[in-house]
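To convert a position in the sequence shown, counted from 1, into my numbering, add 20. Don't be surprised by glycine CBs; every beta carbon is placed ideally from N, CA and C. The structure appears right after this line, and notes come after that.
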Amino acid sequence: MSGDRPSPLVIERILRDREGIWQQIVAERDLNALTGRMLTSSAIALACYGAVLGFFHSPLMALTSALKLPLLFLVTLAICLPTLYLFNLVFGARLSVRQSLALVMVAITVTSMLAVAFAPISLFFLITANDYGFFKLLNVAILTLSALVGLRFLTSGMQVLNDHGLLAPEAANAKVGEQAAAQAPVQAVPAAAQAPVQAVPAAVAVGATPAAAPATGQSAEPVAVPAGAAVAESTPNGAVTTAPAPAQVPTQVPTQWAGQPAGASFPPGMLPPGYVAQRPWDGRTARPGEPAQRPASMTLLYIWILLFGFVGTQLAWTLRPFFGDPGQDFAFFRSIDGNFYAEILRTIANL
21 MSGDRPSPLV
31 IERILRDREG
41 IWQQIVAERD
51 LNALTGRMLT
61 SSAIALACYG
71 AVLGFFHSPL
81 MALTSALKLP
91 LLFLVTLAIC
101 LPTLYLFNLV
111 FGARLSVRQS
121 LALVMVAITV
131 TSMLAVAFAP
141 ISLFFLITAN
151 DYGFFKLLNV
161 AILTLSALVG
171 LRFLTSGMQV
181 LNDHGLLAPE
191 AANAKVGEQA
201 AAQAPVQAVP
211 AAAQAPVQAV
221 PAAVAVGATP
231 AAAPATGQSA
241 EPVAVPAGAA
251 VAESTPNGAV
261 TTAPAPAQVP
271 TQVPTQWAGQ
281 PAGASFPPGM
291 LPPGYVAQRP
301 WDGRTARPGE
311 PAQRPASMTL
321 LYIWILLFGF
331 VGTQLAWTLR
341 PFFGDPGQDF
351 AFFRSIDGNF
361 YAEILRTIAN
371 L
């Protein structure tokens, strides 16, 4: 499905082409239309699921829950989005407001669509097990599971933005600089190749005579003598003289590299296979062999998710009832007393 084609089934594209969604958010391409479609789809899905919740009490409660459940998510988003945007700005991220909104709307869209997918299960237990406490805990569990999956999409999207350098620009620039430096040609000459040597017969060492050569007729083993060192030479009359060895670069340097078979040699100025140039640590990126450090924006994202959850649950308690206790009359709002978590624990104890 094309990312630019308007479609009410935006959830299908999110699930099938999530990489395309992240790339669209990174490029800030057509974000207004994408966010509008996600907002519409989420509101419809949450309204349908809210109607299922309120139908436990009465059709009128179903109608009010269909209005209040989308309002719950949108007001929570309006309260928490400025915090997420400012968190990113404080720590150097380059996210725009539209990118932040689109990322959070992806999470809300996945949450709402997954919740409405559970609606038939909720209706089934509403018909077959008409117990208020059980029905309330069942739907709280469904909404919690759906929210966790949606927030997982949020963290995945933020990770993609981090890989593109929108959360930690300095680390991204350092990484690009390292890649550019790694592509530059590097020449390394082994230390042994920096001192040219000359192979001379062992028989002409200082103090040796031709008679010291093997009698078998085989040539003497060559030995390596540094350039500029005195080399003994035999004259026809048997005298031994010394002369400086000429500075001559050998055609082969018998230097054995790690991981190469014995006898492998490389001409000076050429890199052996598998050679990796070592560069000093710049202090900004992870040391070689160490895992990359998580940017501060990603750490604050998890803190923001906890904040989003606390704000959402408290707002849900303020906007209740969503289910409607069958032992009480219809009311659009209840008095604010207690809190959401105490009510859940009390409900579990009463089962």
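Checklist line | Cβ neighbour criterion (16 or more within 10 Å) applied to residue 355 | finding: exposed
Check: Would you call the segment 45-53 and the segment 315-334 touching, i.e. three or more CB-CB distances under 8 Å?
Finding: no
Checklist line | Contact belief for residue 17 with residue 171 at Cβ below 8 Å, rounded distance in angstroms | finding: Because the chain in this structure spans residues 21 to 371, residue 17 falls outside the shown range and cannot be described.
Checklist line | DSSP state of residue 79 mapped onto helix, strand, coil | finding: helix
Next item on the list: Measuring alpha carbon to alpha carbon, tell me which of 328, 350, 177 and 357 ends up nearest residue 45.
Entry: It is 177 whose Cα lies nearest to the Cα of residue 45.
Next item on the list: Taking only the alpha-carbon atoms, compute the straight-line gap between residue 159 and residue 35 and give it to the nearest angstrom.
Entry: Going by the C-alpha atoms only, they are around 23 Å apart.
Check: Hey, residue 136 and residue 68 are a contact pair by Cβ (cut 8 Å); roughly how many whole angstroms apart?
Finding: 5 Å
Notebook entry, point to check: So does the segment 72-84 actually touch the segment 93-106, counting three or more Cβ pairs closer than 8 Å?
Noted result: no
Notebook entry, point to check: Which full runs of the alpha helix (DSSP H) of 4+ residues lie inside the segment 313-358, going along the chain?
Noted result: 316-339
Next item on the list: Find the nearest neighbour of residue 134 within the set 331, 62 and 349, judged by alpha-carbon distance.
Entry: 62
Notebook entry, point to check: What are the complete alpha helix (DSSP H) segments, minimum 4 residues, inside the segment 78-125?
Noted result: 79-110
Check: Apart from the five residues just before and just after residue 173, which ones in its own chain have a Cβ nearer than 7 Å to its Cβ?
Finding: Here the set comprises 126, 127 and 130.
Notebook entry, point to check: Who are the Cβ neighbours of residue 332 in its own chain at under 6 Å, not counting the five residues just before and after it?
Noted result: For residue 332, where only same-chain residues beyond five positions count, the Cβ hits under 6 Å are 96.
Next item on the list: Assign residue 343 to buried or exposed, taking buried as 16 or more other Cβ atoms, counted over all protein chains shown, within 10 Å of its Cβ.
Entry: buried
Note to self: Just to confirm, is the Cβ distance from residue 145 to residue 155 under 8 Å?
What the structure shows: yes
Note to self: DSSP three-state label for residue 172, please.
What the structure shows: helix
Next item on the list: Under the assumption that residue 104 contacts residue 324 (Cβ atoms under 8 Å), give the Cβ distance between them as a whole number of angstroms.
Entry: 5 Å
Next item on the list: Whole angstroms is fine: what's the gap from residue 117's alpha carbon to residue 142's?
Entry: 36 Å
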